[in-house]
Each structure stands twice: as structure tokens, then as C-alpha cells.
Amino acid sequence: MKTSMTTVGLTLCLALGAAHAQDKAPDWGDKISEEAFLKAAKESFYLNKPEEFERLNDPSLAICNATHNRPDDAQVKEILGREQAAIVYPKDKALFGDWQKGKKWVEDVHGGRIGYPGFLDADDPHHANGGNCYACHAIDPNFPQAGNMGPPLTNYGKFRPKTEAMIKYTYDKVYNAKASNPCSLMPRYGNPRLLTPEQVADIVAFLLDPASPVNQPPVNAAK
Amino acid sequence: MKTIKRLALSLGLGLGVPAALMIGTTGALANSDEDKFAAYRDALGDENPGEFFIDDGKKFFHEKRGPKNENLEKCDFGLGPGVLKGAYAQLPRYFADTGKVETLEGRILGCMVKLQGFKEEDVLKMHYQNAGEEDSRPSELAAITSYIAAQSNGLKFDVKLEHAAEKNAYEMGKKMFWRRQGWMDLSCADCHANTQGKLLRGVELPDMTAPKTAGKVMTAFPAYVLKDANVRTQWWRNERCVLAMRLPWLKTGSELDAALTLYMSIFASQSDEKIQVPGIKPRA
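Top line first, the protein sequences correspond to chains A and B. Taking our numbering, the leading residue of the first sequence gets 21, the next gets one more, and so forth. Taking our numbering, the leading residue of the second sequence gets 986, the next gets one more, and so forth.
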């Protein structure tokens, strides 16, 4: 029992530590005030619409930046409260969607890229967005590329029961990772950013459905 | 120019073949992306398509052009009007005439406006539209930047923090680098500091706060990017990350572009890497 508690504790420390690995730097440009930075930013970014500037000025990230990802208890409460309130669920309350659609949302990289007028690599808002989840996670073992900045999610549903609580936990994590871990490295994907509630439900199914390739052996496994 | 572009394109498309060839020449799979690509770069030898863009830049720099029918030979890049040798190695720096810390690109842009009478928005429009992978176009500003940067080939970066404005820009650049922002909630540092072993969608990430890797990256820009069949500048490199962070569009030569470039140049200046442009890069 003692060993397993230590293991759990160690795992937690490692998981939390990963988010703070960058703290070797002496400061994050702390001599420059937020006000001075935002003034420089106003001059330095071309804006198609004034609201694009809001992407530089987020209240939860402001705390993470000011504390180097180590908010105090009151700040943790503030962030978790704000981010939990921001989670929106699908209209039919179905948090478990279609894994085949989820497979596509996870792979797609399209969404939210802002361009100068006439710049063709900017994202078309009429096109459904994707999460580009493979940038940071290994997921479907058949997918050829993966990043390792987030934990591997291969076999995610194999070792987790498909309970209502697990479905909600997974939904909330994908929709807004900062609702459970205030300065998580993981982006907040839910509206108004990249993914709709229905898309997030599809990704939940992709991760948890036993039929999803995430929870199946790789198709071309070496014999 | 049309022929040049076609030639450059055909060379760019040849990338797939040497990938297989490299395994043969080294006898085993090279151990990193950088090693693998270095073998291809060696195989290219003097056949760097980026050289064509430098030739264009030389022409654009010395020919009388623009509404004022002037060339750029009176432009001062920090070592005196028209002195190009070694100028890029000391940029960004503070310029008293503008009262700003400027990058090479920002400085050229200013001279094109002041000396030649070009409209800033016209120069930038092509430079910005040029930045796309799918519709890569030639940019005069990128060509001139490549030409001038190449006059520092063989030199190490030697960017200094002397003027108060340079010291302030360094701090501003540090904040730009470490501050989490944009719809991805990421800082530059999340991917480009303490990166040992980190992969982003299968791609290795250079640590821009470590002198050696910062030096390697920065001495290669402006670089010929094979995927785009075009030369790409340091501003472009900054903007491609800004784009992926889902931030608004970073203006070439703006205060934050200059500050970020200066911040990383200080690390590059601590390395032994020598400027060798145009570098060759596989992709964005």
C-alpha cells in the first residue's frame, strides 16, 4: 500500500512537473509590464478585426504568465471557476459522439490561423476546424506522426471504464483543459476557439469507444 | 525570372530522392532530422537555388528604382551608408535616425520608403502574400534581405546590447518569447526552450535559448525552403510560429518582431556558428 501511494505521488509530481519544466529561465521578461507589452503589441500586429487583439489578452493566461505557471490558491480558484463556467455541452446533452468523425477532428490541423488579406495559408472559417492533437499526443497507433509534449493516449479507452463520469471527465478535458489544471500546457479547444461541443463529443468517442482504432491493436503490426 | 523559378521548383521537388540515397551513403540511418537533412544539403553542394534570389536582390539593391528613381546604396545598416560587409552580423541594432531597434528587413523597408519613395504597404503586401506555402511568390524585400545577409557569410553573429533601447528590446523580446498567448495558450518557450527530446507532430524542435541550436537556426536565415521553392527570412520564421500559435499577423520589422529577433540573436551570438546564407531548409 505504501509503495503504491508513493508511486501515485511520484506520478502526480512528474505530471505537474512537466508543465513547469521551462522554469529554468530566470525570468519571463518580467521587467516589462503587461501594459508596456500590450502597447508594443498594438503596434506590432496587423489586425483584420479589433477582436483579434483579444487573443493577446486572456485573464487566465495573465495569471499563469505572472506566476510562471504557479498560481496561488486564490488564483487557482479564480481560473478554475472561470474556465469551468466556460464549458458548453451539446444541445442534446450527448457527450459521447461518433468516433469516426472524432478520428477526423483529431487529425485535422485547420482552424484559427489569422492571415494578412490575400495570404492563402490563413484558415477558412467556413471549413470545419480540427484539433491537430497529434502535434502533442500519440493517439491512433496507425497514425504515422505524433508529438510527445502531451501524454500518449493510445489505448486510452482500454484501461478506462466507459462510465458517465469518465465520459464527462474526458469531454471537459478536451473542451477546456484549464477547468481542471489551471495552467495546463494544453490549449482550450472549446468554443469560441476551435472545436464545437459536438466535435468534442466525437473526440470523446474516438478516445473511449472500444471499437475505435485508439483501443485496437495497430492494423499493420509487425508479425 | 520565370526560368529561375521553374529551375528552383524542379530542384525543390527532387527532395524525395536523396532521402533514400542518404541511408546508402552513411551506411545506417542518421540519428536526427538535422543529420539526415545535412546529408542532403551536402549532396546539393553549390546547387543552392537560393542563390538566384540573391542575384535578384543584388539587382534590386543597386538599380535605380521606385518613384524617386534611386538605388539603396545610401542606406545605412549600422556600419555607414552602403557598407554591407558584416552589417547583418550585428543586426538588430538601434538606429538614431529612426529612434528604433531595427532588423535587417525593417531597415531595408524603411530605406525603400525613404530613399526610393515606395509605399510601405505595397512592399509589405507582396512580402506578406509571399509568406504562404500554397501560393509562394517572389518578394523583393526577401531577395534584398538575402543579398545583404550574404555579405556577412563566414562571420559569427555579434549582436550587442549597448544602447538603452537595445537593452529594453532584449527584455521585450524575452517577454514575447516566454509569454503564453494566442488561441493555443502557448509561448514560444513551450516549444523552443528546454526542448531536449521534444517532438511536435514528429518534428524535432530547436532550442532557441541554447547558443548552439539558436546559432544553427539563425545563421541559416534567410534560407531557401524546399517545400515552398522560395527564400524565407527571419521575420517569416517568426511569423510561421505566430501563425501556429493563432496570434494575429506579426508585422515585418515591428517592435515585437525586432525584439524577438534580437533576443534570439543574443543566444546565436554566443555560439561559434557562422552565417552561411542562403541556408537550405526542408519545410516551414
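Ideal placement from N, C-alpha and C gives every residue a C-beta, glycine not left out.
Query: For B:VAL1188, which three-state DSSP category applies?; Result: strand
Query: Whose CA, out of A:LYS113, A:ALA148, A:LYS59, lies closest to the CA of A:GLU184?; Result: A:LYS113
Query: Whole angstroms are fine: how far does the CA of B:ASP1027 sit from the CA of B:ALA1004?; Result: Summary for B:ALA1004: the model assigns pLDDT 37, below 50, so the residue's position carries little reliability; its value from the coordinates is reported in the next sentence. Distance between the alpha carbons of B:ALA1004 and B:ASP1027 is about 12 angstroms.
Query: With 16 other CB atoms within 10 Å as the buried threshold, where does A:ASN77 fall?; Result: exposed
Query: In this structure, how does DSSP classify B:GLY1051 when only helix, strand and coil are distinguished?; Result: coil
Query: At a Cβ threshold of 8 angstroms, is B:PHE1233 touching chain A?; Result: The displayed chain sequence assigns Pro, not Phe, to residue 1233 of chain B. Chain A contact via Cβ: present.
Query: Mapping the DSSP letters down to three states, classify B:ILE1251 as helix, strand or coil.; Result: helix
Query: Could you please give the first and the last residue of the uninterrupted alpha helix (DSSP H) stretch that includes A:PRO61?; Result: Rather than Pro, the amino acid found at residue 61 of chain A in this sequence is Ala. Per DSSP, A:ALA61 belongs to the alpha helix (DSSP H) from 54-64.
Query: Could you work out which residue in A:ALA158, A:PHE139, A:ASN85 is closest to B:GLY1117 when comparing CA atoms only?; Result: A:PHE139
Query: Hey, does A:ILE99 have any beta-carbon neighbour from chain B nearer than 8 angstroms?; Result: no
Query: For B:GLU1087, write down the residues that DSSP places opposite it in a beta bridge.; Result: B:ARG1078
Query: Using a Cβ-Cβ cut-off of less than 8 angstroms, list which residues of the region 1232-1265 of chain B approach chain A; keep chain order.; Result: LEU1232, PRO1233, TRP1234, LEU1235, LYS1236, SER1239, GLU1240, LEU1241, ASP1242, ALA1244
Query: Please confirm whether B:ASN1215 and B:SER1131 have their CB atoms less than 8 angstroms apart.; Result: no
Query: Excluding the 5 residues preceding and the 5 following B:LEU1232 in the sequence, name in chain order all residues of the same chain whose CB lies nearer than 7 angstroms to its CB.; Result: GLN1166, GLY1167
Query: Could you have a look at A:PRO70 and say whether DSSP puts it in helix, strand or coil?; Result: helix
Query: Name the residues in the region 1157-1170 of chain B whose C-beta lies less than 8 angstroms from a C-beta of chain A; which are they?; Result: MET1157, GLY1158, LYS1159, LYS1160, MET1161, PHE1162, TRP1163, ARG1164, ARG1165, GLN1166, GLY1167, TRP1168, MET1169, ASP1170
Query: Can you find a C-beta in chain A that's less than 8 angstroms from the C-beta of B:LEU1014?; Result: With a pLDDT of only 46 at B:LEU1014, under the threshold of 50, the placement of this residue in the model should not be trusted; the figure read from the coordinates follows. No - not a single Cβ of chain A is within 8 angstroms of the one on B:LEU1014.
Query: Excluding the 5 residues flanking A:SER232 on each side, which residues of the same chain have their C-beta closer than 6 angstroms to its C-beta?; Result: TRP119, PHE226
Query: Would you grab the beta carbon distance between A:GLY135 and A:ASP222 for me? Rounded to a whole angstrom, and I think it's under 8 angstroms.; Result: Incorrect: roughly 27 angstroms between the Cβ atoms, too far for contact.
Query: Hey, quick one: how far does the beta strand (DSSP E) through B:ASN1215 stretch, first residue to last?; Result: 1215-1217
Query: In chain B, which residues lie less than 8 angstroms from A:LEU76 when you measure between Cβ atoms?; Result: GLN1166, GLY1167, LEU1232, PRO1233
Query: Would you kindly report the start and end of the unbroken alpha helix (DSSP H) that includes A:ILE107?; Result: Neither: A:ILE107 is in no alpha helix (DSSP H) and is coded neither H nor E.
Query: What number of angstroms, rounded off, separates the C-alpha of A:SER53 from the C-alpha of A:ALA82?; Result: 11 angstroms
Query: Take the Cβ of B:GLY1012 as the centre, count every other Cβ of all protein chains shown within 10 Å, and call the residue buried at 16 or more, exposed below.; Result: Annotation note: pLDDT 37 at B:GLY1012 (below 50); position unreliable, coordinate value reported separately. It is exposed - the Cβ of B:GLY1012 has fewer than 16 other Cβ atoms within 10 Å.
Query: Please decide whether A:ILE83 counts as near chain B, where near means a Cβ-Cβ distance under 8 angstroms.; Result: no
Query: Any idea what DSSP makes of A:LYS113, helix, strand or coil?; Result: coil
Query: For the candidate residues B:PRO1066, B:GLU1019, B:MET1249, B:LYS1044, whose alpha-carbon lies nearest to that of B:PRO1196?; Result: B:MET1249
Query: So with Cβ pairs under 8 angstroms, would you call A:LEU205 a contact of chain B?; Result: yes
Query: Counting contacts by CB-CB distance shorter than 8 angstroms, is A:ALA35 in contact with chain B?; Result: Summary for A:ALA35: the model assigns pLDDT 43, below 50, so the residue's position carries little reliability; its value from the coordinates is reported in the next sentence. For A:ALA35, the answer is no, since every Cβ of chain B falls outside 8 angstroms of its Cβ.
Query: Rounded to whole angstroms, what's the CA-CA distance from B:LYS1160 to A:SER204? Just pull it up for me.; Result: 19 angstroms
Query: Residue range of the beta strand (DSSP E) that B:VAL1210 falls in?; Result: 1208-1210
Query: Please confirm if B:ALA1195 has its CB atom under 8 angstroms from at least one CB of chain A.; Result: no
Query: Reducing DSSP to helix, strand and coil, say where B:LYS1197 ends up.; Result: helix
Query: Let's test the definition: count the other Cβ atoms within 10 Å of the Cβ of A:CYS33 and tell me whether it reaches 16, buried, or not, exposed.; Result: Annotation note: pLDDT 41 at A:CYS33 (below 50); position unreliable, coordinate value reported separately. Under this definition A:CYS33 is an exposed residue.
Query: At 7 angstroms on the CB atoms, spell out the chain A contacts of B:LYS1183, in chain order.; Result: ASN168, MET169
Query: If I measure Cβ to Cβ from B:LYS1059 and keep anything under 7 angstroms in the same chain, skipping five residues before and after, which residues do I get?; Result: PRO1066, GLY1067, LEU1100
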